[in-house]
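K.L.:
Before I ask anything, here is the structure I am working with.
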Amino acid sequence: MSSLPSHTSPRFRYRLATVQDWGDIAAVTQQAYSQYELEIMEDCRASFQRGMQSVLAASGADMEWWVAETDHGISGAVLFCHPGATLPALDGSTVTLALPEARLLSVSPEARGLGLGHTLMQVCIQRARDIGAATLLVRAMPEMRSAVQLCERMGFVRRTEAGSRSGPLARVIDFSYPLSPAENQAPATSAS
C-alpha cells in the first residue's frame, strides 16, 4: 500500500496532475528555471531550454506530473517517469529510461522555503517504491544549488559528477536514491 504524503496540509495539497493543469505546470516550471538561464554557461543554455520545453510537451502513460497547490493554484510540480518512458535528450535525440526518474522539480519563487520541493521528491521516492524499483534517479546542473542541496539532504547519492561525460550531459550531475529490497517488498500475509 502506498504511503504518499497526505493530500492536504495546512497550506498545500499534493495530487496527481490532470490535463487541465499543464498550462500552470509549464508556467511554474518556467518561473522556477528562469533564474538559471544566466548562470548556465552559454554553450549549454540553448540545449537546456530545448530539453526543458520538450519534456514539458511530452506526455504518456509512463509519465506522471505531481503538483502542490493551494486554493490560489499550483505552486510546485515534478515529473515522475517510469522505466521505459521515452523522453527527448539534450542533444535532440530520444532516450528510453531504464530506471525511474524525477524530472523538472519546480517550485514557484513565492513558495520557496515551505517544503514543497522536499514533499514532491518524497512523492517520487514513494512512486518508485510502489512500482518495485531499486533506485530513483535525479539530474541537476551545478548551478542548481538548491536542487543539489535537497538531493544531498534527502540521502541521494552522486552517481556522476559534472564534467565526467562529454557532450550535452557533460554539465549534469546524476543522483540516485537507493531503495532497499525490503522497502519494495509487499508485506507477507500469514495463513490462518
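Per the numbering used here, residue 871 is the first one in the sequence shown, and the count goes up by one each step.
Cβ coordinates follow ideal geometry from the N, Cα and C atoms, glycine included.
In this text, all values refer to a predicted model and were calculated from it rather than measured experimentally.
Where does Ser1046 sit, in a helix, a strand or coil, going by DSSP?
P.N.:
DSSP places Ser1046 in strand when its eight states are reduced to three.
K.L.:
Could you pull out every residue in the same chain whose Cβ sits closer than 8 angstroms to the Cβ of Arg881, ignoring the five residues on either side in sequence?
P.N.:
Excluding positions up to five away in sequence, the list reads Thr940, Leu984.
K.L.:
Under the three-state reduction of DSSP, which class applies to Ser1016: helix, strand or coil?
P.N.:
Reduced to three states, the DSSP call for Ser1016 is helix.
K.L.:
Given a threshold of 16 other Cβ atoms within 10 Å of its Cβ, counted over all protein chains shown, does Ala931 qualify as buried or as exposed?
P.N.:
Exposed: under 16 other Cβ atoms inside 10 Å.
K.L.:
Could you check whether Met991 and Ala1003 sit closer than 9 angstroms to each other, using their CB atoms as the reference points?
P.N.:
For Ala1003 and Met991, no; Cβs fall outside 9 angstroms.
K.L.:
Going by C-alpha to C-alpha distance, which of Arg999, Pro1048, Tyr903 sits closest to Val1027?
P.N.:
When each option's Cα is compared against that of Val1027, the closest is Pro1048.
K.L.:
Where does Ala968 land, buried or exposed, given buried means 16+ other C-beta within 10 angstroms?
P.N.:
Result: exposed.
K.L.:
Taking DSSP as the reference, what is the three-state secondary structure of Ser976?
P.N.:
Residue state, collapsed to three classes: strand.
K.L.:
For Val948, report the span of its beta strand (DSSP E) as first-last.
P.N.:
Here the beta strand (DSSP E) through Val948 covers 943-951.
K.L.:
Flag this pair as touching only if the region 888-896 and the region 952-964 have three or more C-beta atom pairs under 8 angstroms; answer yes or no.
P.N.:
No: fewer than three Cβ pairs fall under 8 angstroms.
K.L.:
Which residues in the same chain have their Cβ closer than 8 angstroms to the Cβ of Leu986, if we skip the five residues on either side of it in sequence?
P.N.:
Answer for Leu986: Phe882, Ala938, Ser945, Gly946, Val977, listed in chain order.
K.L.:
Following the continuous alpha helix (DSSP H) through Met991, name the residue where it begins and the one where it ends.
P.N.:
Run containing Met991: 986-1000, per the alpha helix (DSSP H) assignment.
K.L.:
Between Gly962, Gly943, Ile1043, Val993, which lies nearest to Glu980 when the distance is taken from Cα to Cα?
P.N.:
Closest by alpha carbon: Gly943.
K.L.:
Over what stretch of residues does the beta strand (DSSP E) that includes Val937 continue unbroken?
P.N.:
From DSSP, the beta strand (DSSP E) with Val937 extends over 933-940.
K.L.:
Return the Cβ separation of Trp935 and Tyr884 in integer angstroms, given the expectation that the two are a contact with Cβ distance under 8 angstroms.
P.N.:
Actually they do not touch by this definition, with Cβ atoms about 12 angstroms apart.
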